[in-house]
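In this text, residue positions in the sequence shown follow our numbering: the first is 11, and each later residue adds one. Inspection log for the structure reproduced underneath, given as structure tokens.
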Amino acid sequence: MTHPVTPTLDDLAAVGAAPAVIEAAPRKRRDGAHRVAQRLDAIAYGGDYNPEQWPEAVWHDDVRLMRAAGVNLVTVGVFAWANLQPSPGAWDFGWLDRVLDLLAEHGVAVDLATATASPPPWLARRHPETLPVTAEGTTLWPGGRQHFCPSSAAFREAATTVAHAVADRYADHPALALWHVGNEYGCHVNVCWCDRCAAAFRHWLAQRYGDLDALNAAWGTDFWSQRYHAWEEILPPRTVPAIPNPSQQLDYRRFASDALLACYLAEREILDAVSPAVPVTTNAHPHLEAQDWWRWAPHVDVVSYDSYPDPADPEAHRAAGVSADLMRGLAGEAPWLLLEQAPSAVNWRACNMMKPPGTMRRWSLQAVARGADAVMFFQWRASKAGAEKFHSAMVGHAGTEGSRTWDEVAALGAQLPSLAEVAGSQVAADVAIVCDWSSWWALEQPSHPTALRWGDQLAWLRRPLDDAGLTSRFVAPGHALDVVALLVVPNLYLCDEATARWLTDFVTAGGVLVVGFFSGVVDATDHVHLGGYPAPLRTVLGVRVPEVDPLPEGVTVAVRGPGEHRGHATMWREPIELAGAEPLVTHEDGWLRGRPAATRCRHGEGVAYYLGARLDAATTATLLAEAASEAGCVPPLDAPAQVEVVRRRDDHGRSWLFALNHSEEPVTLTVPTDCRALLGDAPTGGTLHLPAGEVAVLREGSGEGDEDHAGGDTAATKG
Ligand code: GLA
Ligand code: ZN
11 MTHPVTPTLD DLAAVGAAPA VIEAAPRKRR DGAHRVAQRL DAIAYGGDYN
61 PEQWPEAVWH DDVRLMRAAG VNLVTVGVFA WANLQPSPGA WDFGWLDRVL
111 DLLAEHGVAV DLATATASPP PWLARRHPET LPVTAEGTTL WPGGRQHFCP
161 SSAAFREAAT TVAHAVADRY ADHPALALWH VGNEYGCHVN VCWCDRCAAA
211 FRHWLAQRYG DLDALNAAWG TDFWSQRYHA WEEILPPRTV PAIPNPSQQL
261 DYRRFASDAL LACYLAEREI LDAVSPAVPV TTNAHPHLEA QDWWRWAPHV
311 DVVSYDSYPD PADPEAHRAA GVSADLMRGL AGEAPWLLLE QAPSAVNWRA
361 CNMMKPPGTM RRWSLQAVAR GADAVMFFQW RASKAGAEKF HSAMVGHAGT
411 EGSRTWDEVA ALGAQLPSLA EVAGSQVAAD VAIVCDWSSW WALEQPSHPT
461 ALRWGDQLAW LRRPLDDAGL TSRFVAPGHA LDVVALLVVP NLYLCDEATA
511 RWLTDFVTAG GVLVVGFFSG VVDATDHVHL GGYPAPLRTV LGVRVPEVDP
561 LPEGVTVAVR GPGEHRGHAT MWREPIELAG AEPLVTHEDG WLRGRPAATR
611 CRHGEGVAYY LGARLDAATT ATLLAEAASE AGCVPPLDAP AQVEVVRRRD
661 DHGRSWLFAL NHSEEPVTLT VPTDCRALLG DAPTGGTLHL PAGEVAVLRE
711 GSGEGDEDHA GGDTAATKG
């Protein structure tokens with residue numbers, strides 16, 4: 011039997027696969043954060059609350075302590091499926107009724123989970139095909155969590171059944187403020203390789219390519235005898251003897267992200283039908299590469315994120331800043347929710363350091379500075395049993411007495427209300443960084459000139475922007491760039507013609523563009539653009555790169571420029587031919603001596619920089635400083651590199667400065683004289699003293715109170 015060219019949904023149902031094609035409409039309103047903030051009249055504060063792990067007497071202690079800590083929102087029911095539905099036909103909602111009533115009585119709102127994050131043991135027993143399978147063919151069994159295959163019809167049915175039951179029962183509960191679908195989709199299992207996924211993949215491919223000829227062309231199957239003559243021959247790119255087909259791999263990543271998204275959408279549809287007024291979220295997790303979040307984001311009312319920087323890393327706040335900006339970008343620059351962070355240590359690193367005093371507060375306020383309207387934790391009360399018993403919690407094993415973590419949690423809870431006026435405002439950022447998941451995935455495939463990591467390329471170009479105090483936002487290819495002055499492309503290995511046009515148009519219209527090496531190399535199917543790299547960007551960058559010459563680890567080559575600056579490059583170099591650009595940095599070593607390593611090209615009204623080598627930090631910073639000054643970007647304040655300053659502002663002309671001292675030294679900053687402190691010491695005569703590790707939040711302008719929307723003319727970051 012041959013598979014139909016386009017399998018119907020019935021065909022898929024026959025093989026037990028659920029469709030994984032994204033048909034649901036994007037959200038029309040992305041105002042979930044606004045609706046939550048309005049409901050709470052504050053920045054949200056709280057955490058994951060798992061009362062099913064505790065006797066009922068403890069719940070009363072919980073709500074009393076929640077009030078003491080200033081908690082106004084808790085996430086409930088994330089892992090409660092097995093307790094809510096002991097068997098397919100039986101329900102036990104009594105305990106959750108009592109928990110929600112208790113929370114409502116004590117003025118604590120609820121982010122209520124659909125309870126589908128971890129299927130109950132009975133589901134795997136009855137439907138072993140709901141279990142996910144690895145690329146090697148190993149089944150992932152129950153006993154942990156997230157053991158579901160996104161393409162399993164039985165899982166889909168069971169998950170939508172429990173989601174429906176929860177929605178029906180609690181849609182009108184007074185505690186309900188937000189729906190929480192699943193939990194960290196793809197955190198543990200972001201790709202499943204089972205037969206059901208194989209069938210769903212074929213369906214997805216048929217939608218994408220229409221027929222086998224187009225698919226064969228897209229995957230370049232004339233290479234290594236891979237041409238497909240029937241749809242059934244197509245498999246997920248499971249473990250293979252040699253390097254797997256990169257175009258097939260790339261499509262499987264795209265499919266896998268969509269397959270999980272389809273699970274989310276199936277639940278969202280139910281919530282929309284049952285309780286359309288309550289906003290819906292699903293929390294993104296720190297494995298940001300796992301899914302194409304640009305495809306997910308339009309389907310949530312509010313973007314939410316779980317942030318777990320490592321306290322052992324003295325620079326951890328930088329990566330946290332990146333994720334915060336990315337979340338805000340996903341939210342279309344609307345506020346997002348920090349839905350989880352550890353009050354102190356986690357349990358899942360090899361060594362789990364506590365957060366030193368003040369760190370939790372500073373990192374919480376960093377999220378708020380960068381657009382979060384919620385500061386939430388995992389979890390409220392530390393578990394007594396189970397895999398996470400040594401994860402810190404707002405209330406630890408020892409209770410509150412003598413607990414530094416509790417004291418810090420309660421202190422922050424007491425301070426956040428003074429920032430209520432900030433909720434709903436936006437973050438000022440006129441530097442944009444391009445992020446694209448297809449390109450990220452394609453870049454990191456094996457069998458390239460050298461192993462490049464997108465996150466590492468991002469850190470290379472982001473660090474100097476941070477150090478210069480410039481706040482960035484993230485954009486996807488094709489996004490509107492009207493408020494963007496400087497556009498940074500750390501790496502865009504995969505760049506189709508439309509994206510190249512978008513970048514080119516930005517420069518033509520007067521923008522300043524900075525592009526890192528090995529960009530513009532392949533099209534959307536991972537086929538090389540011929541004629542010299544970076545083919546579709548050659549005109550705007552004014553360069554042509556006939557070949558590349560990566561450097562082994564430990565090898566450093568000297569460069570000179572801009573001007574007399576002396577620097578070096580590691581990891582990557584290439585023989586750039588000038589085709590309209592001027593050289594800014596030149597190689598001093600080896601066969602590339604005298605050839606450009608970085609260039610600048612005027613194009614239309616704007617200019618485009620190209621960095622054709624992995625330049626050292628100082629050289630890169632000099633180039634980016636030049637680009638930023640050409641773009642007219644200025645930081646909100648002059649501050650040392652270890653002091654993070656971010657401005658939030660609203661539509662009424664009000665603005666706030668957040669200054670976070672990540673260093674171990676006190677600093678003195680010059681601030682506008684008409685600032686008023688909402689948090690931290692008041693500045694005197696335009697001077698702000700910021701002790702080591704401290705944070706200040708200042709309202710700018712002459713505003714006296716929350717009602718005063720006049721503000722000063724302080725909102726612009728551009729000079
Ligand atoms: C994730 C999960 C939580 C918990 C924490 C622990 O963020 O969503 O359920 O496991 O990690 O750090
Ligand atoms: Zn599967």
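By construction, the Cβ of each residue, glycine as well, lies at the ideal position given by its N, Cα and C atoms. None of the values given here were measured: they were computed from a predicted structure.
Whole-angstrom distance between residue j and residue i, CA atom to CA atom
| i | j | result |
| --- | --- | --- |
| Val493 | Asp440 | 6 Å |
| Ala164 | Asn60 | 26 Å |
| His719 | Arg664 | Its pLDDT being 38, under 50, His719 is placed unreliably by the model, and nothing is read from it. |
| His213 | Val312 | 30 Å |
| Val431 | Leu83 | Looking at the sequence itself, residue 431 is Glu, so the reference to Val does not match. If I take the Cα positions, the gap works out to 18 Å. |
| Trp306 | Leu271 | 7 Å |
| His770 | Gly604 | It is not possible to answer for residue 770, since the shown part of the chain is limited to 11 through 729. |
| Glu66 | Val109 | 9 Å |
| Ala145 | Ile253 | 14 Å |
| His44 | Val290 | 12 Å |
| Thr415 | Val120 | 23 Å |
| Leu689 | Ala706 | 5 Å |
| Ala368 | Tyr315 | In the sequence on display, residue 368 carries Gly and not Ala. Their Cα atoms are separated by approximately 21 Å. |
| Ala329 | Ser374 | 14 Å |
| Gly722 | Asp282 | Low confidence applies to Gly722: its pLDDT is 33, below 50, so where it sits in the model is not reliable, and the reading given next is rough at best. Each residue's alpha carbon lies about 41 Å from the other. |
| His309 | Ala344 | 14 Å |
| Ser97 | Leu133 | 9 Å |
| Arg49 | Val118 | 11 Å |
| Trp451 | Val378 | 30 Å |
Outcome for residue i when other beta-carbon atoms lying within 10 angstroms are tallied against a minimum of 16
| i | result |
| --- | --- |
| Lys394 | exposed |
| Ala579 | buried |
| His407 | exposed |
| Val15 | Low local confidence applies: a pLDDT of 37 at Val15 is under 50, so the model's placement there is unreliable, with the coordinate-based value given in what follows. Exposed, by the Cβ-count rule. |
| Phe6 | The shown model of the chain, from 11 to 729, leaves out residue 6, and the question about it has no answer. |
| Trp601 | exposed |
| His239 | exposed |
| Trp358 | exposed |
| Arg135 | exposed |
| Arg612 | exposed |
| Val288 | buried |
| Asp102 | exposed |
| Cys273 | buried |
Sequence-distant residues of its chain with Cβ nearer than 6 Å to residue i (five each side left out)
| i | result |
| --- | --- |
| Pro556 | Gly542 |
| Ala631 | Pro474 |
| His157 | Leu141, Leu150 |
| Arg391 | Ala403, Val405 |
| Thr460 | Pro560 |
| Glu277 | Thr124, Ala173, Val191 |
| Leu491 | Phe516 |
| Ala300 | Gly196, Asn200 |
Opening and closing residue of the beta strand (DSSP E) in which residue i lies
| i | result |
| --- | --- |
| Gly104 | Run containing Gly104: none in the beta strand (DSSP E); it sits in the alpha helix (DSSP H), 104–115. |
| His198 | Here His198 belongs to no beta strand (DSSP E), and DSSP marks it neither H nor E. |
| Tyr620 | 616–621 |
| Met386 | 382–387 |
| Thr85 | 83–86 |
| Trp666 | 665–671 |
| Glu592 | 592–597 |
| Glu350 | 346–350 |
| His578 | 576–580 |
Cβ neighbours of residue i in the same chain (closer than 8 Å, five flanking residues each side left out)
| i | result |
| --- | --- |
| Trp303 | Ala294, Leu336, Leu340, Trp447 |
| Ala495 | Asp440, Val441, Gly521, Val522, Ala641, Gly642, Cys643, Lys728 |
Endpoints, the alpha helix (DSSP H) within which residue i is located
| i | result |
| --- | --- |
| Pro256 | 256–284 |
| Met364 | Premise fails: Met364 is in no alpha helix (DSSP H) and is neither H nor E. |
| Val332 | 326–340 |
Chain D within 8 Å of residue i, Cβ atoms only
| i | result |
| --- | --- |
| His137 | In the displayed structure, chain D is absent; only one protein chain is listed. |
Same chain, Cβ closer than 7 Å to residue i, five either side skipped, listed in chain order
| i | result |
| --- | --- |
| Asp506 | Asp533, Ala534 |
Practice task
Take every Cβ of the segment 256–268, pair it with every Cβ of the segment 442–453, and state whether three or more of those distances are shorter than 8 Å.
Solution key: yes
Handout entry: Sufficient close CB pairs (3 or more, under 8 Å) joining the segment 125–132 to the segment 173–193
Key = yes
Problem - Three or more C-beta pairs below 8 Å linking the segment 396–415 and the segment 341–358 - result: yes
Problem - At least three beta-carbon pairs within less than 8 Å, the segment 687–705 to the segment 451–468 - result: no
Practice task
Please determine if the segment 637–653 and the segment 529–540 are in contact, where contact requires at least 3 C-beta pairs separated by less than 8 Å.
Solution key: no
Practice task
Would you check if the segment 218–225 and the segment 82–101 touch, i.e. whether three or more CB-CB distances between them fall below 8 Å?
Solution key: no
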